[in-house]
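Numbering (my numbering), first residue to last: 647 to 1197. A quick write-up on the structure given underneath.
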Amino acid sequence: MKRVSSHVSLASEAEINLDLSRLVIDRPRFALERKRSFDEQSWSELSQHRHNDGFDSVLQSPAFPSGFDSPFSMGTTHFGGPHPLVNEAWEALRKSVVYFRGQPVGTIAAVDHASEEVLNYDQVFVRDFFPSALAFLMNNETDIVKNFLLKTLHLQSSEKMVDRFKLGSGAMPASFKVDRNKKRNTETLVADFGESAIGRVAPVDSGFWWIILLRAYTKYTGDVSLSESPDCQKCMRLILNLCLSEGFDTFPTLLCTDGCSMIDRRMGIYGYPIEIQALFYMALRCALQMLKPDGEGKDFIEKIGQRLHALTYHMRNYFWLDFQQLNKIYRYKTEEYSHTAVNKFNVIPDSIPDWVFDFMPCRGGYFLGNVSPAMMDFRWFALGNCIAIVSSLATPEQSVAIMDLIEERWDELVGEMPLKICYPAIENHEWRIITGCDPKNTRWSYHNGGSWPVLLWLLTAACIKTGRPQMAKRAIELAESRLLKDGWPEYYDGKLGRFVGKQARKFQTWSIAGYLVARMMLEDPSTLMMISMEEDRPVKPTMRRSASWNA
């Protein structure tokens, strides 16, 4: 098969011009071809046991009728037979379900009975529940997802105070728990907006995950009554208002502090982390499809279009790194002044870490971890790059290059347990300065180069979209060899991900759900349609007649 070149030319401003009418309704583009991004029409060609009408918009009838009798729920199609891990995983996932007044509303972070300290692992986290929600949707269990969306929506209106400071009205909770008063026989939902978190950081990503999940629910069920309800419309507008408000920013990216996402401890991601930017991009596109174009919604649709135009250009040009771009940065001149500057962020070439030159293959590339004035974080982050593929923030060529890099650096990024949350680990003096001597984020552990099984579903999604199911199958089989016997750990330690994490919780819910989603996705790739976005393509500006034409 013809291999697509991984040397990606940087996008011009004209090439990323976004047509709002096209973004509101995803339309099929091209036929399925290996190592090219799948579009919505080609899924039906890949999944022979499913038939659909192309998924032209979120306004259609149920897209993926399924259940325990479906091939993917039994895990039989691509793997040659049912795997005992599938039933064990479902049983473990159901044990994590949280009920509020008799209704399922989410899954707790971990069911680790052996752990003496519960901390907040008994709460329902917005980001943690996302893979659980996908698993339940794929199994045609939609009530728990709808209940979760509604409960977190109502929690958004809760008073948000950290000490004496009030958070923005659009902030979504990091997590919530059910407070049961046995004496009064009452149940109450109690939200945490970051006031109890380590470092007291509000979760920037929670609102994005909520919007993306709302679209996934709508795509799966075909029920637009939830997304079009006044409460959901208001919730989206409040979330977006936090991100689209005018300020002193000169970049379209979101400025964030450390600990505001999955990496919720000090790890040097403050600034413009790729994880937040990719989720921000995807949430904007999801919201664009669901916001009603009337009243306040119309204004937000216009703001989203403008932001997407700038954000796409910025990310594809300034965050992208491949062999050729690395060589350009290596040769940068500094202290350039004027609009013609090539080194626009005044990055000092001597600041490029030595490991990058060996890590970067001739064929491959990835989005940098962070880009801001005089600073580039050259670390590779899994979640941001996978979301970039799924959301089509990455061009088709860039998506191929990211997967080429993973393939070329399989031992470093996947090793014996998929997938490294970031690469490489920081250590010694750099670790002391960046993490503040964090005993949990030591080298090759936890967020500092640890291997997280939950990322398996994102890797699988990226593999499917770029036409590389065998890569996903290889990664899933690696995980299957360890997960159950190790007790579904939260993360693994070591350069190869060989050891169960030193402080890893067992029966971590999103490790369980991530495996189930990965396997079900590979069995029925059409399920990726719930979250996958069509890639952008250049469009000609609409030609309009002037008012004097008919005069």
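Positions of the beta carbon are idealized from the N, C-alpha and C atoms, including for glycine. Since the structure is predicted, the reported quantities are computational estimates derived from the model, not experimental observations.
In three-state DSSP terms, what is residue i?
{"i": "TYR983", "result": "coil"}
{"i": "SER907", "result": "coil"}
{"i": "LEU835", "result": "strand"}
{"i": "ALA1020", "result": "coil"}
{"i": "VAL772", "result": "helix"}
{"i": "LYS741", "result": "helix"}
{"i": "SER1091", "result": "strand"}
{"i": "ALA756", "result": "strand"}
{"i": "GLY917", "result": "strand"}
{"i": "VAL1060", "result": "coil"}
{"i": "PHE1145", "result": "strand"}
{"i": "SER778", "result": "helix"}
{"i": "SER1097", "result": "strand"}
{"i": "ASN786", "result": "coil"}
{"i": "ILE844", "result": "coil"}
{"i": "ALA1198", "result": "Summary: the structure shown does not reach residue 1198, with the chain confined to residues 647 through 1197, and so no result is reported for it."}
{"i": "VAL870", "result": "coil"}
{"i": "MET1179", "result": "coil"}
{"i": "LEU930", "result": "helix"}
{"i": "LYS1152", "result": "coil"}
{"i": "GLN802", "result": "coil"}
{"i": "GLY893", "result": "coil"}
Return the CA-CA distance between residue i and residue j, expressed in angstroms with no decimal places.
{"i": "ARG747", "j": "LEU1168", "result": "36 Å"}
{"i": "PRO874", "j": "GLU787", "result": "It is worth fixing the name first, because residue 874 is Glu in this sequence and not Pro. The alpha-carbon atoms of GLU874 and GLU787 are separated by roughly 21 Å."}
{"i": "LEU888", "j": "LEU1162", "result": "34 Å"}
{"i": "GLU624", "j": "ARG883", "result": "Missing from the structure shown is residue 624; the chain here goes from 647 to 1197 and no further."}
{"i": "LYS938", "j": "TYR863", "result": "17 Å"}
{"i": "ARG826", "j": "LEU1029", "result": "35 Å"}
{"i": "MET1021", "j": "ASN963", "result": "15 Å"}
{"i": "SER1178", "j": "VAL1036", "result": "5 Å"}
{"i": "GLU833", "j": "GLN935", "result": "35 Å"}
{"i": "GLU892", "j": "SER1157", "result": "38 Å"}
{"i": "ASN1031", "j": "SER804", "result": "33 Å"}
{"i": "GLU1180", "j": "THR1173", "result": "14 Å"}
{"i": "GLN687", "j": "LYS1111", "result": "Confidence at GLN687 is low in this model, with a pLDDT of 41, below 50, so the placement of that residue is unreliable and no value is reported for it."}
{"i": "GLU1126", "j": "GLU942", "result": "48 Å"}
{"i": "PHE854", "j": "GLU1123", "result": "31 Å"}
{"i": "GLY868", "j": "GLY905", "result": "35 Å"}
{"i": "ALA843", "j": "LYS823", "result": "14 Å"}
{"i": "GLU1054", "j": "LYS797", "result": "44 Å"}
{"i": "GLY1143", "j": "TYR1069", "result": "12 Å"}
{"i": "PRO1171", "j": "GLU981", "result": "49 Å"}
{"i": "LYS1086", "j": "SER871", "result": "44 Å"}
{"i": "ALA1121", "j": "LYS1152", "result": "21 Å"}
{"i": "MET1176", "j": "SER984", "result": "45 Å"}
{"i": "THR1081", "j": "GLY914", "result": "7 Å"}
{"i": "PHE946", "j": "TRP966", "result": "28 Å"}
{"i": "THR1041", "j": "ALA1118", "result": "21 Å"}
{"i": "CYS932", "j": "GLY951", "result": "12 Å"}
Would you kindly report the start and end of the unbroken beta strand (DSSP E) that includes residue i?
{"i": "VAL1163", "result": "Premise fails: VAL1163 lies in the alpha helix (DSSP H), 1155-1169, not in any beta strand (DSSP E)."}
{"i": "PHE1013", "result": "1011-1013"}
What are the residues that DSSP puts in a beta bridge with residue i?
{"i": "LYS990", "result": "Looking at the DSSP assignment, LYS990 forms no beta bridge with any residue, so it has no partner."}
{"i": "LYS938", "result": "Its beta-bridge partners do not exist; DSSP assigns none."}
{"i": "MET807", "result": "LYS812"}
{"i": "LYS797", "result": "None; LYS797 has no bridge partner."}
{"i": "PRO750", "result": "TYR745"}
{"i": "TYR1069", "result": "TRP1026"}
{"i": "ARG826", "result": "GLU833"}
{"i": "VAL764", "result": "Note: VAL764 sits in no beta bridge, so no partner."}
{"i": "CYS1083", "result": "CYS1083 is not bridged to any residue."}
{"i": "CYS902", "result": "GLY917"}
{"i": "TYR1137", "result": "Note: TYR1137 sits in no beta bridge, so no partner."}
{"i": "SER821", "result": "PHE771 and ASP838"}
Which residues mark the beginning and the end of the alpha helix (DSSP H) in which residue i is found?
{"i": "LEU1102", "result": "1102-1111"}
{"i": "LEU967", "result": "Run containing LEU967: none in the alpha helix (DSSP H); it sits in the beta strand (DSSP E), 966-968."}
{"i": "ASP1004", "result": "1000-1005"}
{"i": "GLY1030", "result": "1028-1037"}
{"i": "LEU886", "result": "876-890"}
{"i": "LYS1119", "result": "1115-1126"}
{"i": "ALA862", "result": "851-867"}
{"i": "VAL1046", "result": "1042-1054"}
So, do the region 970-979 and the region 1012-1019 have three or more beta carbon pairs nearer to each other than 8 Å?
no
Check whether the region 898-907 touches the region 815-829, counting contact only when three or more Cβ pairs, one atom from each stretch, lie closer than 8 Å.
no
With a cut-off of 8 Å, do at least 3 Cβ pairs link the region 834-850 to the region 903-915?
yes
When you compare the region 1059-1074 with the region 1088-1101, are there three or more beta-carbon pairs, one atom per stretch, that lie closer than 8 Å?
yes
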